[in-house]
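K.L.:
Have a look at this one before I ask anything.
In our numbering, the protein residues as written are 921 to 982.
Next comes the structure, spelled out in structure tokens:
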């Protein structure tokens with residue numbers, strides 16, 4: 921495909937449009953400052969807490 925063209929791709933996760941950019945357009949995006957949104961808004965990667973179930977047979981005073 922040539923620069924500036926687009927094609928529609930459909931796959932298992934849905935349908936999307938693929939754009940082919942010229943080198944000048946690509947360079948514009950490469951020169952943009954890096955997005956730091958997730959540096960400030962990401963949650964820490966911690967494992968889930970273990971949940972223990974209380975059974976009916978372990979009640980005190982039964």
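Glycine is no exception: its CB is placed at the ideal position from the N, C-alpha and C atoms.
Keeping to the same chain, check which residues put their C-beta closer than 6 Å to that of residue 925; ignore five residues upstream and five downstream.
P.N.:
Indexing the chain shown from 1 puts residue 925 at position 5. If we look at residue 925 and ignore the five residues flanking it on each side, its Cβ neighbours are 940.
K.L.:
So, is the C-beta of residue 931 closer than 8 Å to a C-beta in chain D?
P.N.:
Given the protein chain composition of this structure (a single chain), no chain D is represented.
K.L.:
Cα separation between residue 922 and residue 959?
P.N.:
Here residue 922 refers to the residue found at position 2 when the chain shown is read from its first residue. Here residue 959 refers to the residue found at position 39 when the chain shown is read from its first residue. The straight-line gap from Cα to Cα measures roughly 36 Å.
K.L.:
I'd like to confirm the pairing. Which residues does DSSP put opposite residue 929 in its beta bridges?
P.N.:
Counting from 1 along the chain shown, the entry for residue 929 is found at position 9. Paired residues: 936.
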